[in-house]
Amino acid sequence: MSLFWRIFLLNAAVLAVAPALLMLGPVTVSTPVLLTEALILTGGLSAMLIANAVVLRIGLAPLDRLSRTMGTVDLLRPGHRLAVTGHDAGIAQLIRTFNTMIDRLETERATSSARALSAQEAERRRIAQELHDEIGQTLTAVLLELKRVADQAPPPIRDQVHQVQETTRNSLDEIRRIARRLRPGVLEELGLASALKALSGEFSTAGLTVRPSVETDLPDLGAETELVLYRVAQEALTNVARHANARHVALTLRNQTGGVELCIRDDSRGLRDAAEGAGIRGMRERALLIGVDLSVGSAGGGGSQVRLRVPVRQEVVTDG
1 MSLFWRIFLL NAAVLAVAPA LLMLGPVTVS TPVLLTEALI LTGGLSAMLI ANAVVLRIGL
61 APLDRLSRTM GTVDLLRPGH RLAVTGHDAG IAQLIRTFNT MIDRLETERA TSSARALSAQ
121 EAERRRIAQE LHDEIGQTLT AVLLELKRVA DQAPPPIRDQ VHQVQETTRN SLDEIRRIAR
181 RLRPGVLEEL GLASALKALS GEFSTAGLTV RPSVETDLPD LGAETELVLY RVAQEALTNV
241 ARHANARHVA LTLRNQTGGV ELCIRDDSRG LRDAAEGAGI RGMRERALLI GVDLSVGSAG
301 GGGSQVRLRV PVRQEVVTDG
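The numbers in the UniProt record's numbering rise by one with no breaks, and the one at position 138 of the sequence shown is 138.
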């Protein structure tokens with residue numbers, strides 16, 4: 001029976017019982033109303049209201065759960081579904097429809113994120129290539145020309161030219177560093193372990209020390225998964241360097257039972273219920289590309305940590 005008919009029949013029964021009791025029972029209503037009569041009528045009305053409230057509370061409880069879930073659902077944290085409960089067929093169908101809608105939205109979000117991140121990586125490669133080929137080569141030519149001028153200039157001017165050379169050389173190093181971050185060539189050439197060690201070295205600057213602990217006997221993860229792990233580590237270290245006020249960071253990549261785990265842990269003051277920014281949400285979107293969930297929170301003993309666990313499918317070899 002649908003919720004509408006249950007409520008309708010309950011109210012109809014209450015309205016039918018009330019006149020029947022007045023007509024068939026010994027209770028009468030005087031004018032003016034006596035105290036005992038008022039107490040009986042008040043008790044009967046209270047009983048009807050309580051019965052109505054109980055039925056409505058039981059019948060509408062699944063709708064309350066659905067409302068709370070709709071207000072808290074996050075497509076970047078997939079997998080949360082409502083259990084199809086309740087005696088009302090209409091409410092059960094509504095919950096099933098809601099779960100189906102969330103399935104579709106999560107699929108569409110993952111597909112659109114994959115397209116956007118793929119286009120982003122292609123654009124990063126293009127910009128890195130242009131920085132290396134165009135600006136990098138131009139600055140290299142400028143350095144050679146400055147060296148020729150310095151060799152022919154008198155001593156007072158030679159010192160000034162050397163200062164310009166040093167500034168140009170620093171700019172060239174910075175452009176190369178930006179190009180490496182945009183397009184991690186070491187990831188393609190030497191693999192994930194070497195890329196993460198090199199990344200740790202880039203972020204180990206004055207005031208911040210990154211200690212990598214990367215196992216080398218990792219299973220074959222695939223190019224897309226390795227890129228996701230690298231970008232998540234890069235974004236996590238960027239967040240620590242910019243916002244955490246930490247002094248030490250531990251970056252670990254190790255084998256786990258049935259998978260590989262990446263963990264970036266710092267010694268900052270922790271998240272302290274801070275709202276997730278664009279960096280963390282970007283990491284979650286990348287994690288969804290390979291179908292895994294990103295864990296971000298406070299670490300035991302202080303600090304914060306980012307954890308990403310990637311399951312690895314075990315291939316079963318059979319004798320043919």
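Beta carbons: idealized from backbone N, C-alpha and C, even for Gly.
CA-to-CA, the gap between GLY259 and GLU224 works out to about 16 Å. Around the beta carbon of PRO219, fewer than 16 other beta carbons lie within 10 angstroms, which makes this residue exposed.
By the criterion of a C-beta distance shorter than 6 Å, VAL249 is surrounded in its chain by VAL210, VAL240 and ASP266, once the five residues flanking it on both sides are discounted.
The beta carbon of ILE91 is closer than 6 Å to those of PRO62 in its chain, skipping five residues each way along the sequence.
Taking C-alpha positions only, ILE178 is separated from GLU106 by approximately 33 Å. GLU261 sits in a strand when the DSSP states are folded into three classes. Of the candidates LEU144, ASN245, PRO184 and GLU202, the residue whose Cα lies closest to the Cα of ARG231 is PRO184. In the three-state reduction of the DSSP assignment, ASP266 falls in the strand class, which pools E and B.
Residue range 155-182 is occupied by the alpha helix (DSSP H) that includes VAL164.
If the five residues before and after ILE135 are omitted, its C-beta is found closer than 7 Å to the C-beta atoms of ILE175, all from its own chain and listed in chain order. When only Cα atoms are considered, GLU145 and GLN160 end up about 14 Å apart. The DSSP-derived three-state label of ARG124 is helix. By the neighbour-count criterion, in which 16 or more other beta carbons inside 10 Å mark a residue as buried, ALA299 falls on the buried side. ALA236 is positioned such that its CB atom lies closer than 7 Å to that of ILE264. With at least 16 other beta carbons inside 10 angstroms of its own, MET283 counts as buried. LEU190: member of the alpha helix (DSSP H) spanning 185-190, first to last residue.
For ASN255, the beta-bridge partners assigned by DSSP are VAL260. Inter-residue distance for VAL73 and PRO32 is about 58 Å (C-alpha atoms, whole angstroms).
In this structure, the beta-carbon distance from LEU229 to LEU199 does not fall below 7 Å. The beta-bridge partner set that DSSP reports for GLN305 consists of ARG265 and GLY297. Between LEU196 and LEU253, the C-beta spacing is below 7 Å. In the structure shown, the three-state DSSP call for ARG247 is coil. For VAL232, the enclosing alpha helix (DSSP H) stretches over residues 223-239.
Close CB contacts of SER113 within its chain, under the 7 Å cut and outside five residues either way in sequence, are with GLU285, LEU288 and LEU289 (chain order). Boundaries around ARG284 are those of the alpha helix (DSSP H), 278-289, since no beta strand (DSSP E) includes it. Apart from the 5 residues on each side of it in sequence, GLN165 sits with its Cβ closer than 8 Å to the Cβ of LEU143, LEU146, LYS147 and ALA150 in its chain, given in chain order. Per the DSSP secondary-structure output, SER213 pairs in a beta bridge with THR252.
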